[in-house]
Amino acid sequence: MPRQLYPIVVALGGLLVGCEIRSTPALITVYSQAIGVSFPLPQGWSADQAVEQAGFHMQTFTGRSVDVPERAGIRVQVMAGPTPNGDLGQVAERYQSGSSAAREEPYSLEGYPGKTWHFVSEDGDERSRLMLTDVEGTLYGLFVRGESPTMEAYDEALARLWRELSIERGEFFDVYEAPGGDLSIPHPRSWERTQTVANPGESLFVGFRSPPIAVEEDGTTVHVTLEVTVNRVGPEETVESFYAERTEALADNYRLLKHEVLAEGIAISTLYHVETQLADYLERTVYVIRDDKRFILKFNARNRVYHAVEPWIDEIVRYFLSI
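Here's what the structure looks like:
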């Protein structure tokens, strides 16, 4: 059954972890673990479960008709799988389905060239748009089809979908290079850097914030935040002593949910439920010691938002530990 991308509704105002107030609802960013991409979609669309056919992963999202809200008026399919034989034009013909090609445009995904095709039905009542890009042997695609008025109403949202589709494998992350050149912090390119305090060669604090993951009824957008802290490692310090020192300072409102040892013992990961007077949230913290430095990666997110994007967070942590 489709699940609705509804807002997470709480009456807590704007002083919350990873939130900001907007005068109008924003698009939310959806992360598809099966396909390994993120992209913006309008709040309230439904999402089908991802399916696999012959190694090709696909997921469909549905929006309501602007003329008859009781029915579906637009569908977006996101897909990725092995690039088939033949050029992209031959693949595109499979999606034309009796429509005529209105125009063809170049497209670029993570710097790899692809194409976008615009189709229109013979009676003009239906339109569709297709994007295909071969990225190192994996074919990524977007296919949207809908009633012409609904397609027109969502034109700006679709333009952002095309523009902001991002491959969420660590190899495609952006990298923040700290002053001094001896530290690199990878992060999804859709996450903005919010703060930096650096003492080259000694310490670093850098913050990032995800795009909107959900929207409250009052227009508050909900985000995930990442804070990275780096310091010189002390004599004889181990990741276990580092972890113990930090956790001793935690207040009583921290409740441990999960503890893991990662990367053959160079890192410890914890997940805490944290309750304050304003909100409760989940805090994922990863403690790392390597290259004569100690690192703390701290992710903060609302409970429901965290679980929705936990695989995304896992990929950020995995890639950080691999480089």
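If you want the working numbering, it's the position in the sequence shown, counting the first as 1, plus 6.
The beta-carbon is built from N, C-alpha and C at its ideal position, and this holds for glycine as well.
Keep in mind it's a predicted model, so treat the numbers as computed, not measured.
Would you mind sorting residue i into buried or exposed? The rule is 16 or more other CB atoms within 10 Å of its CB.
i: Ala165; result: exposed
i: Ser106; result: exposed
i: Gly240; result: exposed
i: Asn205; result: exposed
i: Asn306; result: buried
i: Val82; result: buried
i: Arg308; result: buried
i: Arg290; result: buried
i: Val15; result: Unreliable placement is indicated for Val15, whose pLDDT of 28 sits below 50; no coordinate value is reported for it.
i: Thr139; result: buried
i: Glu198; result: exposed
i: Pro46; result: buried
By how many angstroms is the C-alpha of residue j removed from the C-alpha of residue i?
i: Val230; j: Tyr37; result: 13 Å
i: Thr66; j: Leu277; result: 31 Å
i: Ile27; j: Leu167; result: Only weak support is given to the placement of Ile27: the predicted model assigns it a pLDDT of 40, under 50, and the value that follows is read from those uncertain coordinates. One C-alpha to the other measures close to 22 Å.
i: Asp4; j: Ala163; result: There is simply no residue 4 to check, as the chain begins at 7 and stops at 329 in what is shown.
How is residue i classed by DSSP in three states: helix, strand or coil?
i: Gly92; result: coil
i: Glu132; result: strand
i: Ser105; result: coil
i: Ile219; result: coil
i: Asn309; result: helix
i: Pro31; result: For Pro31, the predicted model reports a pLDDT of 37, less than 50, meaning its position is unreliable; a value from the coordinates is still stated below. Pro31: coil per DSSP, three-state reduction.
i: Pro155; result: helix
i: Thr276; result: strand
i: Gly69; result: strand
Measuring CB to CB, does residue i end up less than 7 Å from residue j?
i: Leu327; j: Ala273; result: yes
i: Gly236; j: Phe178; result: Note on identity: in this sequence residue 236 is Val, with Gly being the wrong assignment. Cβ atoms of Val236 and Phe178: not closer than 7 Å.
i: Arg195; j: Asp180; result: yes
Excluding the five sequence neighbours on either side, which residues of its own chain have a C-beta within less than 6 Å of the C-beta of residue i, listed in chain order?
i: Leu303; result: Val234, Val292
i: Gly213; result: Thr200, Gln201, Glu233
i: Ala298; result: For clarity, residue 298 is Asp in the given sequence; the question names Ala instead. So the list reads Val239, once near-sequence residues are dropped.
By Cβ distance, which residues of its chain are closer than 8 Å to residue i, with the 5 residues on each side in sequence left out?
i: Tyr101; result: Trp123, Phe125, Ser134, Leu136, Phe149
i: Gly186; result: Ala204, Pro206, Gly207
i: Pro88; result: Gly61, Phe62, Gly143, Thr144, Leu145
i: Pro119; result: Pro112, Tyr113, Thr139
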